[in-house]
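K.L.:
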Amino acid sequence: MTVTLGTPHAHSTSDFALEMDSIVKTFGGVQALRGVSIQVRRGEVHGLIGQNGAGKSTLMKILDGYYPAGSFGGSIKVAGNEVRLASPRDAQAVGIAIVPQETTVVEPLSVAENIILGELAQQQTRLFARNRSSERARAFLGEHHIPLDADAKVATLSMHKKQLVMIARALYTQPQVLVLDEPTSSLTSDEIENLFAIVRGLREEGLTCLFITHKLDEILSLCDRVTILRDGQTAGEYARADFDADRLITDMIGRKLGDLYPPRPALADDAPEVLRVEGLAIENPRMPGSELLHDVSFTLHAGEILGLGGLVGSGRSELVTALYGQTRIMRGTVTLEGKVIQPNGAKQAMAEGIGLVTEDRKAEGLLFNLNIRENVTLNILSGISRGILLDRGHERQVARDTVHDLSVAAPSTATKVANLSGGNQQKVVIGKVLLPKPRVLLLDEPTKGVDIASKADIYRLMTVLAKSGVALIFISSEFPELLALSHRVVVLAGGTVRETLPGASTSENRLMRSAMRVDELPDDAAEPA
């Protein structure tokens with residue numbers, strides 16, 4: 012049967028809350044989805060995982076009605092009833108609620124007003140109905156044990172709380188299926204665990220959840236079942252009892268990955284010191300004139316990968332942007348290869364031999380109106396020009412070599428970076444930063460938002476650079492990768508360096524306790540900063 016839109020949540024005895032069968036979608040002759048099928052059982056958390064570009068986003072846009080019925084092949088059933096969706100409103104009407112990766116809250120409004128946004132749009136300015144709806148939202152939060160203050164202004168909330176507002180707004184529509192699309196991409200480890208606790212609670216209430224991620228550990232921690240996409244096809248489906256990390260990775264990338272983390276390169280005892288930071292005080296960019304960090308001191312040696320550990324807000328990003336001349340240093344000294352420098356902007360930093368892979372590639376790392384070639388060569392234009400004229404042949408060759416060396420998956424260097432997957436965009440950013448041949452490379456969350464195969468490529472590149480003598484400073488919120496790759500980890504907490512730990516022999520628990528400033532620490536040896 013076909014559900015008539017406008018009669019949501021039609022009754023059915025089907026075991027499946029959602030079925031998408033043999034979904035095919037083509038864009039201008041390019042087949043994005045090639046017969047994808049997924050069956051989500053009632054009351055389970057079902058994971059959907061795949062590399063960036065595997066087809067997850069396209070599949071969800073079909074489920075959301077963004078790509079309407081008739082623009083794709085295959086069928087969709089909700090609670091056993093076939094549906095034809097022509098818009099996101101249709102998807103909501105049959106019980107599909109999608110929480111997107113991007114933040115979609117109305118910041119000037121309260122939490123309650125955001126939750127009842129659909130009702131407010133219909134009520135317009137009727138104050139009594141507005142207050143009554145707010146009361147319902149307040150009760151709703153309590154019923155579902157969602158830790159939000161209904162009266163708080165959304166603009167004052169953390170990213171984690173805004174994520175919860177979007178989830179609460181979706182739940183308020185009483186969906187058959189709640190879809191969470193990469194919900195942890197901007198959350199700390201503690202916030203992720205809090206989110207998982209809420210999802211587990213919803214599962215106990217009988218809600219069905221489709222959880223989309225590219226992080227394998229999240230699938231293993233949270234999900235009852237998983238479907239893997241690869242190259243627009245269903246590559247595998249497993250129940251929790253059959254979860255096996257190696258098998259899931261193989262299905263995701265079509266080959267055995269081997270060990271995710273390459274061996275940490277040996278660091279010579281007499282490796283020369285490249286960078287020395289002494290007594291640094293760094294301004295808080297959000298409160299000019301005040302110190303975010305103070306008395307920061309550490310050294311960095313040729314061939315060393317020095318991790319920066321700490322919680323979000325500890326000042327890790329501000330420290331590397333200060334070394335790159337983009338955040339003000341209020342006092343202290345920075346010595347690069349025996350020469351005291353005063354970082355003053357990206358141009359000077361590059362001239363001194365410092366490169367920065369920024370955390371936000373979309374806002375700061377790439378120019379999305381340009382192609383791969385133009386982005387990659389942006390930092391070396393003077394080196395590939397003849398007088399005032401750009402040497403196009405040289406530019407193309409440099410770009411082709413970079414794309415090859417970094418395994419960027421693209422038809423050509425003329426491909427717009429906007430059309431690349433997240434992992435390949437990140438490789439373009441790294442290629443651009445590496446072309447001036449920095450002696451010190453600053454990496455701020457270089458694997459954030461990239462698929463597992465691209466992560467492995469970035470890890471291997473880091474070890475290759477370290478072996479060649481480049482000194483790296485590496486920020487990651489994922490403690491396992493921070494410890495697996497770093498020779499030492501400088502932990503920032505309380506506005507300064509708490510301690511420096513050896514990467515090889517430090518546990519995640521030890522690192523977390525240090526970052527959280529827990530006083531009673533184990534007797535693990537910690538190197539002086």
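Here the sequence shown is numbered in the working numbering, starting from 12 and rising by one per residue. Where a beta carbon is used, it is the ideal one built from N, C-alpha and C, also for glycine.
(1) Within this structure, are the beta carbons of residue 455 and residue 387 separated by less than 8 Å?
(2) Look at the Cβ atom of residue 108, then the Cβ atom of residue 189, and state whether they are nearer than 8 Å.
(3) Can you name the start and end residues of the beta strand (DSSP E) that residue 92 belongs to?
(4) Grab me the residues of residue 446's own chain with a C-beta within less than 8 Å of its C-beta, minus the 5 sequence neighbours each way, in chain order.
(5) Count the CB pairs spanning the region 270–288 and the region 468–480 that are closer than 8 Å, and state whether there are at least three.
(6) Does the beta-carbon distance from residue 509 to residue 487 come in below 8 Å?
(7) Exposed or buried, what is residue 424 when buried is set at 16 or more other beta-carbons lying within 10 Å of its beta-carbon?
(8) Grouping DSSP H, G and I as helix and E and B as strand, with all else coil, what is residue 377?
(9) Could you name the residues of the same chain whose beta carbon sits closer than 6 Å to that of residue 434, not counting the 5 residues immediately before and after it, in chain order?
(10) Could you check whether residue 231 and residue 59 sit closer than 8 Å to each other, using their CB atoms as the reference points?
(11) Exposed or buried, residue 400, counting other C-beta atoms within 10 Å across all chains shown (16 or more means buried)?
(12) Find the nearest neighbour of residue 106 within the set 128, 121 and 53, judged by alpha-carbon distance.
(13) Find the nearest neighbour of residue 245 within the set 366, 50, 155 and 310, judged by alpha-carbon distance.
(14) Measure the Cβ-Cβ separation of residue 323 and residue 309 and say whether it is below 8 Å.
(15) Which residue or residues does DSSP assign as beta-bridge partners of residue 454?
(16) Excluding five sequence neighbours on each side, which residues of the same chain lie with their C-beta closer than 7 Å to the C-beta of residue 421?
(17) Looking at C-beta atoms only, is the number of pairs between the region 193–204 and the region 161–175 that lie closer than 8 Å three or more?
(18) How is the beta strand (DSSP E) around residue 308 delimited, first residue to last?
(19) Is residue 405 close to the ligand SAM? I mean its beta-carbon at under 7 Å from any heavy atom of the ligand.
(20) Per DSSP, what kind of secondary structure is residue 3 in: helix, strand or coil?
(21) Under a Cβ-count criterion, where at least 16 other Cβ atoms within 10 Å of its own Cβ denotes burial, should residue 301 be classed as buried or exposed?
(22) What residue range does the alpha helix (DSSP H) around residue 103 cover?
(23) Let me know the secondary structure DSSP gives residue 160 once reduced to three states.
(24) When the Cα of residue 30 is compared with those of 149, 187 and 43, which residue comes out closest?
(25) Residue 504 to residue 402, Cα distance in whole Å?
(26) Of the choices 507, 177, 379 and 321, whose alpha-carbon is the least far from that of residue 125?
(27) Should residue 353 be labelled buried (16 or more other beta-carbon atoms within 10 Å of its own) or exposed?
(28) Tell me the rounded alpha-carbon separation between residue 45 and residue 469.
(29) Taking the alpha-carbon positions, what's the residue 149 to residue 122 distance?
(30) Quick one: Cα of residue 312 to Cα of residue 265, how far?
P.N.:
Once the coordinates are examined:
(1) Working through the sequence shown from its first residue, we reach residue 455 at position 444. Working through the sequence shown from its first residue, we reach residue 387 at position 376. Not a contact, by the Cβ cut-off of 8 Å.
(2) Within the sequence shown, numbered from 1, the residue matching residue 108 stands at position 97. Within the sequence shown, numbered from 1, the residue matching residue 189 stands at position 178. Against a cut-off of 8 Å, the Cβ pair of residue 189 and residue 108 comes out as a contact.
(3) Counting from 1 along the sequence shown, the entry for residue 92 is found at position 81. 92–94 is the span of the beta strand (DSSP E), which, as asked, contains residue 92.
(4) Here residue 446 refers to the residue found at position 435 when the sequence shown is read from its first residue. Excluding sequence neighbours, residue 446 sits near 387, 388, 390, 391, 409 and 413.
(5) yes
(6) As a working mapping, residue 509 is identified with position 498 in the sequence shown. As a working mapping, residue 487 is identified with position 476 in the sequence shown. No, the Cβ-Cβ distance between residue 509 and residue 487 is not below 8 Å.
(7) Position 413 of the sequence shown, counting from 1, holds the residue named residue 424. Classification of residue 424: buried, given that the 10 Å Cβ count is 16 or more.
(8) Counting from one through the sequence shown, the residue named residue 377 turns up at place 366. In the three-state scheme derived from DSSP, where H, G and I count as helix and E and B as strand, residue 377 is classed as coil.
(9) Indexing the sequence shown from 1 puts residue 434 at position 423. Answer for residue 434: 63, 461, 462 and 465, listed in chain order.
(10) Locating residue 59 in the sequence shown gives position 48, where the first residue counts as 1. Locating residue 231 in the sequence shown gives position 220, where the first residue counts as 1. For residue 59 and residue 231, no; Cβs fall outside 8 Å.
(11) Here residue 400 is taken as the residue at index 389 of the sequence shown, counted from 1. Exposed, by the Cβ-count rule.
(12) Taking the first residue of the sequence shown as position 1, residue 106 is located at position 95. Per the Cα distances, 53.
(13) Taking the sequence shown and counting its residues from 1, one reaches residue 245 at position 234. Comparing Cα-Cα distances from residue 245 to each of 366, 50, 155 and 310, the minimum goes to 50.
(14) Stepping through the sequence shown from its first residue, residue 323 is reached at position 312. Stepping through the sequence shown from its first residue, residue 309 is reached at position 298. Their beta carbons are not under 8 Å apart, which means residue 323 does not touch residue 309 by this criterion.
(15) Residue 454 sits at position 443 when you count from the first residue of the sequence shown. In the DSSP output, where bridge partners are listed per residue, residue 454 has 368 and 485.
(16) Position 410 of the sequence shown, counted from the first residue, corresponds to residue 421. So the qualifying residues of the chain are 383, 414, 431 and 435.
(17) yes
(18) Taking the first residue of the sequence shown as position 1, residue 308 is located at position 297. Start and end: 302–312.
(19) With respect to small molecules bound, the structure shown includes none, and the ligand SAM cannot be examined in it.
(20) Only positions 12 to 540 of the chain appear in this structure, which leaves residue 3 out of reach.
(21) For this step, residue 301 is matched to residue 290 along the sequence shown. Counting other Cβ atoms within 10 Å of its Cβ, residue 301 stays below 16 and is therefore classed as exposed.
(22) Residue 103 sits at position 92 when you count from the first residue of the sequence shown. Per DSSP, residue 103 belongs to the alpha helix (DSSP H) from 99–104.
(23) For the purposes of this step, residue 160 is taken as residue 149 along the sequence shown, with counting starting at 1. Of the three classes helix, strand and coil, the one that applies to residue 160 here is coil, per DSSP.
(24) Taking the first residue of the sequence shown as 1, we reach residue 30 at position 19. Considering only alpha carbons, the answer is 187.
(25) On the sequence shown, position 493 is the one that residue 504 refers to. On the sequence shown, position 391 is the one that residue 402 refers to. Roughly 48 Å between the two C-alpha positions.
(26) As a first step, residue 125 must be located in the sequence shown, where it is residue number 114. Minimum Cα distance to residue 125 is reached at 177.
(27) By 1-based counting over the sequence shown, the position of residue 353 is 342. Label assigned to residue 353: exposed.
(28) For the purposes of this step, residue 45 is identified with residue 34 of the sequence shown, where counting begins at 1. For the purposes of this step, residue 469 is identified with residue 458 of the sequence shown, where counting begins at 1. Answer to the nearest angstrom: the Cα atoms are 29 Å apart.
(29) On the sequence shown, residue 149 is found 138 positions in, with the first residue counted as 1. On the sequence shown, residue 122 is found 111 positions in, with the first residue counted as 1. Cα to Cα, the separation comes out at about 9 Å.
(30) Taking the first residue of the sequence shown as position 1, residue 312 is located at position 301. Taking the first residue of the sequence shown as position 1, residue 265 is located at position 254. Computed Cα separation, rounded: 38 Å.
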